[in-house]
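J.:
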Amino acid sequence: MRCVAEVGYSKATIREIARMANVTSGNLYHYFPNKSELLKATGEEIEEIVLPRLRASAAKSDNVVDRLDAVLDESKRLIRDYPYLAAFLRAIRAQSTARLRHGSPNYPGSKALRVVVNEIILDARAQGALSPDSDEGAAVEAICALTRGLSERAASLPAEAYDTTLDSAKQLIRGTLFARRKHTPMKRR
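Taken in order, the sequence shown gives residues 863 to 1051; the numbers are from my numbering.
1) Measuring straight from C-alpha to C-alpha, what distance separates Thr875 and Glu981?
2) Going by Cα to Cα distance, which pick from Gly990, Leu975, Val926 is closest to Leu1008?
3) How about the stretch 944-957 and the stretch 1003-1018: do they share at least three Cβ pairs that are nearer than 8 Å?
4) What's the C-alpha gap between Gln1052 and Arg1043?
5) Checking 9 Å against the spacing of the C-beta atoms, do Leu934 and Ala1031 come in under that value?
6) Use the C-beta contact count for His964: other C-beta atoms within 10 angstroms, 16 or more gives buried, fewer gives exposed.
7) Exposed or buried, what is Asp997 when buried is set at 16 or more other beta-carbons lying within 10 Å of its beta-carbon?
8) Take Glu868 and list the residues in its own chain whose beta-carbon comes closer than 8 Å to its own, dropping the five residues that flank it on each side.
9) Using a Cβ-Cβ cut-off of 6 Å (strictly less than) and excluding sequence neighbours within five positions of Lys922, which residues of its own chain qualify?
10) For Gly879, which residues of its own chain have a beta-carbon under 6 Å away from its beta-carbon, when the five flanking residues on both sides are left out?
11) Extract the residue ranges of the alpha helix (DSSP H) inside the stretch 968-1041, only unbroken runs of 4 or more that lie entirely within it.
12) How long is the line joining the alpha carbons of Val927 and Ala1021, rounded to whole angstroms?
13) Measuring alpha carbon to alpha carbon, tell me which residue in Tyr893, Arg1036, Ser937 is nearest Ala991.
14) Along the chain, which unbroken stretches of the alpha helix (DSSP H) at least 4 residues long are found entirely within the stretch 920-947?
15) What first and last residue would you give for the alpha helix (DSSP H) that runs through Gly870?
16) Asp924 to Ala986, Cα distance in whole Å?
17) Apart from the five residues on each side of it in sequence, which residues of its chain come closer than 7 Å, Cβ to Cβ, to Thr886?
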């Protein structure tokens, strides 16, 4: 993750990854036939780390908005626990988007996020907390896009600015970002 985060996808050759990891490139080739397989294994490891953590956070409440808050908070902790994660994901997303021809992209961590958010949205529908005219799939896509966008910002913002951005996203989900004003009719002159 560190190598891709620091030098970018294209410059993260097997040789460069090995150099940063203080191993020989032959050692990496012993386990991975190419960079693509190494990064695929890295993505699988990210999924194995992310899914249980997001699920555990979401399970702490029955309230849909509290669960989404918890997922966003855990995403923040993941980014802090793995300092190269946000920049790594950003580089992988950029590379994947550049190569995307058909279908939706599959970024590391996105499957775990989608699974957990889908579970929350299905529960919200069952509890009657999701608006009847809301499409479940579209709701999942919107929340996943918001979360991916937040991780994108985490790669480039100072910690305090990221925290403020995260708080605004949580207010958006809660419906409290914008002040509600009483509608007063305009006076005619």
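Just so you know, even glycine gets a beta-carbon here, dropped at the ideal spot from N, CA and C. Everything numeric in this text was worked out from a predicted model, so none of it was measured.
T.: For this structure:
1) For the purposes of this step, residue 875 is identified with residue 13 of the sequence shown, where counting begins at 1. For the purposes of this step, residue 981 is identified with residue 119 of the sequence shown, where counting begins at 1. Looking at the two C-alpha atoms, the distance is approximately 38 Å.
2) If you number the sequence shown from 1, residue 1008 lands on position 146. Cα-wise, what sits closest to Leu1008 is Leu975.
3) yes
4) Residue 1052 cannot be examined here, being either before or after the span of the chain that is shown, 863 to 1051.
5) Locating residue 934 in the sequence shown gives position 72, where the first residue counts as 1. Locating residue 1031 in the sequence shown gives position 169, where the first residue counts as 1. Cβ atoms of Leu934 and Ala1031: closer than 9 Å.
6) As a first step, residue 964 must be located in the sequence shown, where it is residue number 102. Annotation note: pLDDT 47 at His964 (below 50); position unreliable, coordinate value reported separately. Per the 10 Å Cβ criterion, exposed.
7) Locating residue 997 in the sequence shown gives position 135, counting from the first residue. Burial call: exposed.
8) By one-based count along the sequence shown, residue 868 stands at place 6. Cβ within range, chain order: Met882, Tyr946, Ala949.
9) On the sequence shown, residue 922 is found 60 positions in, with the first residue counted as 1. Cβ neighbours of Lys922 beyond the five flanking positions: Ala932.
10) Translated into positions along the sequence shown, residue 879 becomes position 17. For clarity, residue 879 is Ile in the given sequence; the question names Gly instead. Only Cys865 meet the Cβ criterion.
11) Fully enclosed alpha helix (DSSP H) runs of 4 or longer: 972-989, 998-1016, 1021-1036.
12) Here residue 927 refers to the residue found at position 65 of the sequence shown. Here residue 1021 refers to the residue found at position 159 of the sequence shown. For Val927 and Ala1021, the distance between alpha carbons rounds to 24 Å.
13) Here residue 991 refers to the residue found at position 129 of the sequence shown. Taking only the C-alpha atoms, the option nearest Ala991 is Arg1036.
14) 926-943
15) For the purposes of this step, residue 870 is taken as residue 8 along the sequence shown, with counting starting at 1. No alpha helix (DSSP H) holds Gly870; DSSP gives it neither H nor E.
16) One-based indexing of the sequence shown puts residue 924 at position 62. One-based indexing of the sequence shown puts residue 986 at position 124. Answer to the nearest angstrom: the Cα atoms are 9 Å apart.
17) Mapped onto the sequence shown, residue 886 falls at position 24. Excluding sequence neighbours, Thr886 sits near Ala880.
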